[in-house]
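Trainee: Got a structure for you, questions after.
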Amino acid sequence: NTGAHTIVRINPQTNQVSVVAGQPGTSGDVDGSASEARFNAPVGIAVDDEGTIFIADTYNDRIRAISPEGQVRTIARGREPGFADSAGSDARFDTPCGITLAKDGSLLVADTGNRRIRHVTLDGQVTTLVGNISAYERDGTLSSASFNEPIAIAVRDKDSFFVADAGGAIRFVSLKANGQTEPFVKTELPDLPHNRPIGLALLPGGELAFAESGISTFKITVSSAEEILDARAYNTSSGESIDVPYRSKQA
Numbered sequence: 036n037t038g039a040h041t042i043v044r045i046n047p048q049t050n051q052v053s054v055v056a057g058q059p060g061t062s063g064d065v066d067g068s069a070s071e072a073r074f075n076a077p078v079g080i081a082v083d084d085e086g087t088i089f090i091a092d093t094y095n096d097r098i099r100a101i102s103p104e105g106q107v108r109t110i111a112r113g114r115e116p117g118f119a120d121s122a123g124s125d126a127r128f129d130t131p132c133g134i135t136l137a138k139d140g141s142l143l144v145a146d147t148g149n150r151r152i153r154h155v156t157l158d159g160q161v162t163t164l165v166g167n168i169s170a171y172e173r174d175g176t177l178s179s180a181s182f183n184e185p186i187a188i189a190v191r192d193k194d195s196f197f198v199a200d201a202g203g204a205i206r207f208v209s210l211k212a213n214g215q216t217e218p219f220v221k222t223e224l225p226d227l228p229h230n231r232p233i234g235l236a237l238l239p240g241g242e243l244a245f246a247e248s249g250i251s252t253f254k255i256t257v258s259s260a261e262e263i264l265d266a267r268a269y270n271t272s273s274g275e276s277i278d279v280p281y282r283s284k285q286a
């Protein structure tokens with residue numbers, strides 16, 4: 036709950052909302068028990084199979100974790116916003132917004148202010164996977180590609196993931212070389228305009244769903260093998276389908 040500086044749990048069966056950690060309306064930067072811990076506008080969360088909650092504590096520029104027992108700890112942080120690949124307290128982030136679990140249990144972080152995708156091990160080692168300070172949506176190899184405003188990540192498999200680039204694109208990142216192809220970044224649905232895509236998720240059937248905050252819609256892509264074929268949009272208030280003038284030329 037970003038504005039309230041808390042992590043909350045919602046029971047979908049009862050619609051009951053409870054605070055997991057933090058004090059509603061009080062920002063801060065404190066580790067400890069759930070009631071003692073403080074956050075500052077946390078945006079992204081991810082949960083592992085054991086119930087540990089990982090948090091992109093956005094305005095504290097830190098990556099935090101809540102154990103199943105309710106203890107909050109900081110995994111990686113700096114004393115102020117910045118950029119540094121290092122371990123624990125020597126690492127630096129700038130307004131990290133998105134966080135997700137990689138297939139090996141480590142973390143992928145959309146370090147929004149730094150325009151980079153970072154990899155964080157559970158013991159706090161931070162490295163950069165892709166991106167640089169350039170504020171452009173540039174496709175290419177991992178060393179040359181750049182992002183405008185990476186804000187959310189959805190993992191496809193152990194070697195690839197999607198990124199919601201809020202500047203106006205959905206990006207695909209492959210970390211694996213394939214024959215003559217180096218690891219790369221490419222823009223998905225390049226002919227379909229996007230208006231601040233900020234939320235991203237892979238559905239059970241393999242479709243990619245994402246929210247566009249600029250026009251209050253969410254869109255679902257339909258894929259075949261490694262190729263996105265079609266996109267459909269839905270108004271978030273009415274639920275009605277909206278025509279999306281896109282279909283892959285390869286489909």
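In short: position in the sequence shown from 1, add 35, done, that's my numbering.
In this text, a Cβ means the ideal position worked out from N, Cα and C, and glycines have one as well.
Remember, predicted model here, so these are calculated numbers, not experimental data.
Check whether the region 115–129 and the region 47–67 are in contact - that is, three or more C-beta pairs closer than 8 Å.
Mentor: No, the region 115–129 is not in contact with the region 47–67.
Trainee: Can you check which of these residues, ALA145, GLN58, ALA189 and LEU210, is closest to VAL78 by C-alpha distance?
Mentor: With distances taken between Cα atoms, VAL78 lies closest to ALA145.
Trainee: Terminal residues of the continuous beta strand (DSSP E) containing GLU247?
Mentor: Taken as a continuous stretch (DSSP letters only), the beta strand (DSSP E) holding GLU247 covers 243–247.
Trainee: Going straight from the alpha carbon of VAL43 to that of ASN149, what length do you get?
Mentor: Straight-line Cα distance between these residues: approximately 27 Å.
Trainee: Please identify the residue among VAL82, GLU85 and ALA76 whose C-alpha is closest to the C-alpha of HIS95.
Mentor: For the record, residue 95 in the displayed sequence is Asn; it is not His. Of VAL82, GLU85 and ALA76, the residue nearest in Cα terms is ALA76.
Trainee: Which of the three DSSP states is assigned to GLY38 in this structure?
Mentor: Three-state result, GLY38: helix.
Trainee: Where HIS40 and GLY241 are concerned, what is the direct C-alpha to C-alpha distance, given to the nearest angstrom?
Mentor: Answer to the nearest angstrom: the Cα atoms are 33 Å apart.
Trainee: For LYS211 versus ASP194, is the C-beta spacing smaller than 9 Å?
Mentor: Their beta carbons are under 9 Å apart, which means LYS211 touches ASP194 by this criterion.
Trainee: Where do the N-terminal and C-terminal ends of the beta strand (DSSP E) with SER195 fall, by residue?
Mentor: Looking at the DSSP string, the run of the beta strand (DSSP E) that includes SER195 is 195–200.
Trainee: Quick one: using the 10 Å Cβ neighbour count with 16 as the cut-off for buried, is SER102 buried or exposed?
Mentor: The residue in question, SER102, is exposed, as its Cβ has fewer than 16 Cβ neighbours within 10 Å.
Trainee: How big is the Cα-Cα spacing for SER179 and ARG153?
Mentor: Computed Cα separation, rounded: 15 Å.
Trainee: Exposed or buried, ILE114, counting other C-beta atoms within 10 Å across all chains shown (16 or more means buried)?
Mentor: Per the sequence presented here, residue 114 reads as Arg, with Ile not at that position. It counts as exposed.
Trainee: Per DSSP, what are the beta-bridge partners of GLY67 in this structure?
Mentor: In DSSP, GLY67 forms a bridge with VAL107.
Trainee: When the Cα of PHE245 is compared with those of ASP120, ILE186 and SER209, which residue comes out closest?
Mentor: Ranking the options by Cα distance to PHE245, first place goes to ILE186.
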